[in-house]
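Asker:
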Amino acid sequence: MILDGKLAAQSIRADLKNKVDELRIAGKRIPHLAAVLVGEDGASMTYVSSKVKSCEEIGFLSSLYHFETTVSEEELLRTIEKLNSDQGVDGILVQLPLPDHISTEKVINLVKPSKDVDGFHPVNVGRMVQGLPGFVPATPYGIMLLLEHYNIETKGKHAVVIGRSNIVGRPASILLSRNTNPGNCTVTLCHSHTQNLAEICLQADIIIAALGKPGFLKADMVKEGCIVIDVGITRVKDNSKKSGYRLAGDVDFENVAPKASFITPVPGGIGPMTIAGLLMNTYNACHDCHIS
Ligand code: NAD
471 MILDGKLAAQ SIRADLKNKV DELRIAGKRI PHLAAVLVGE DGASMTYVSS
521 KVKSCEEIGF LSSLYHFETT VSEEELLRTI EKLNSDQGVD GILVQLPLPD
571 HISTEKVINL VKPSKDVDGF HPVNVGRMVQ GLPGFVPATP YGIMLLLEHY
621 NIETKGKHAV VIGRSNIVGR PASILLSRNT NPGNCTVTLC HSHTQNLAEI
671 CLQADIIIAA LGKPGFLKAD MVKEGCIVID VGITRVKDNS KKSGYRLAGD
721 VDFENVAPKA SFITPVPGGI GPMTIAGLLM NTYNACHDCH IS
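Everything in the sequence shown is counted per the working numbering, starting at 471 for the first residue and increasing by one.
#1: Please report the straight-line C-alpha distance between V593 and P607, rounded to a whole angstrom.
#2: Using alpha carbons as the reference points, say which of L566, Q480, P684, F530 lies closest to V506.
#3: Drop a sphere of 10 angstroms on the beta-carbon of D763, count the other beta-carbons inside from all chains shown, and report buried for 16 or more, exposed for fewer.
#4: I need the straight-line Cα distance from T574 to E545, nearest angstrom please.
#5: Using CA coordinates, which residue listed in I632, S647, A642 is at the minimum distance from C671?
#6: Using 8 Å as the Cβ pair cut-off and three pairs as the minimum, do the region 677-692 and the region 620-640 touch?
#7: Pick out whichever of L687, Y517, Q600 has its Cα sitting closest to the Cα of I644.
#8: Quick check for students: name the residue ranges of the alpha helix (DSSP H) that lie wholly in the region 525-594, counting only runs of 4 or more.
#9: Whose C-beta lies closer than 6 Å to the C-beta of V559 among residues of the same chain, with five residues either side of it excluded?
#10: With a cut-off of 8 Å, do at least 3 Cβ pairs link the region 684-696 to the region 486-503?
#11: Could you check whether V706 and I740 sit closer than 8 Å to each other, using their CB atoms as the reference points?
#12: Under a three-way DSSP split, which group does C696 fall into?
#13: Just the Cα atoms here: how many angstroms apart are K627 and L473?
#14: Does the Cβ of G497 have 16 or more other Cβ atoms within 10 Å, making it buried, or fewer, making it exposed?
#15: For the ligand NAD, is there a heavy atom less than 7 Å away from the beta-carbon of A680?
#16: Under 8 Å, with one C-beta from each stretch per pair, do the region 740-759 and the region 611-626 reach the 3-pair mark?
#17: Considering I678, what are the terminal residues of the beta strand (DSSP E) in which it resides?
#18: Can you list, in chain order, the residues of its chain with a C-beta nearer than 7 Å to that of G475? Leave out the 5 residues immediately preceding and following it.
#19: By DSSP, does R499 sit in helix, in strand, or in coil?
#20: DSSP three-state call for Y753: helix, strand or coil?
#21: If we ignore side chains and look at the alpha-carbon of each, how far apart do M598 and H591 end up?
#22: So I703 packs on L717, CB below 8 Å; how close in whole Å?
#23: In three-state terms, what does DSSP make of C671?
#24: Quick one: any contact between the region 683-690 and the region 721-729, if contact means 3 or more CB pairs under 8 Å?
#25: Return the bridge partner residues of T658 from the DSSP annotation.
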């Protein structure tokens, strides 16, 4: 069965839209997301504009701070400070990657944890590890929301996560191992130095593929009935497309799908769920969260 991230995300967005309508009627504050983008990278520009557009569609306020690649680190840090102290802004998103002359660590660490809707600040990472309320990075959060949406039982299952980045693989492995639902998995976190990856994958009840290598996970690496979550998004040259490229996932979908009990497509799987995760975080930043 296909796990339709587009559909699941639509239902989360509709729910949030209703909540925003209620806030407006009650004269309460509307969530406001500030997005910071540096440079003209095509993928980054597409991601940010779809995040901003999604905010607008459900009635959130949004602002885009778009800088040229040459922007100084000082100026970027000043902008973050300004957004931190702006009481009208609930969530701050800094689109990564940043140019080499800017320290990503400095920028991330400056974002106020209570506005860190990307969930990258060490305070929020620590809270996630300890199972405390806080912001969880949007992509792994989106994975959890998708599993929840389809009522997929994860308890006691062996989850294999391929990729250990701070934005996807590692937080996904932590969330799946927590004593929550979804969660309670036995987790194996694999990376570029993992030996016998195919054998490990064959033992998995759930595979999260997040390594950024198109078609990497083949049918002979997957056991019958496995739940396969494909996080990968790579632009692959394709002259038959108007844009000149197509989006490819990390899973050899055509051959893996017949073996999987559930599988996410690319596009239309974790991509839209990531945006749903970000919107949920922004709503919570405005209303429910108690992080200082
Ligand atoms: P990354 O490059 O930061 O990390 C890749 C990870 O994969 C590393 O930890 C590396 O050790 C591991 N890896 C690489 N080759 C491997 C191999 N042969 N075997 C095992 N592990 C290997 O990537 P990332 O930022 O985590 O993103 C991963 C993919 O997910 C990319 O395609 C990215 O575009 C996509 N992504 C999608 C979304 C979304 O919204 N759907 C969000 C974020 C990232």
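Glycine is no exception: its CB is placed at the ideal position from the N, C-alpha and C atoms. These numbers come from a predicted model, not from an experiment.
Answerer: Looking at the coordinates:
#1: 12 Å
#2: L566
#3: The question about residue 763 has no answer here: the residues shown for the chain are numbered 471 through 762.
#4: 14 Å
#5: I632
#6: yes
#7: Q600
#8: 543-555, 574-580
#9: Around V559: H502, A504, L553.
#10: Result no; under three Cβ-Cβ pairs closer than 8 Å.
#11: In this structure, I740 keeps its C-beta atom at 8 Å or more from the C-beta atom of V706.
#12: coil
#13: 18 Å
#14: exposed
#15: The closest heavy atom of the ligand NAD lies less than 7 Å from the beta carbon of A680.
#16: yes
#17: 676-679
#18: Answer for G475: L616, T734, G738, G739, I740, G741, P742, M743, listed in chain order.
#19: coil
#20: helix
#21: 11 Å
#22: That pair is a contact at about 5 Å.
#23: helix
#24: yes
#25: V630.
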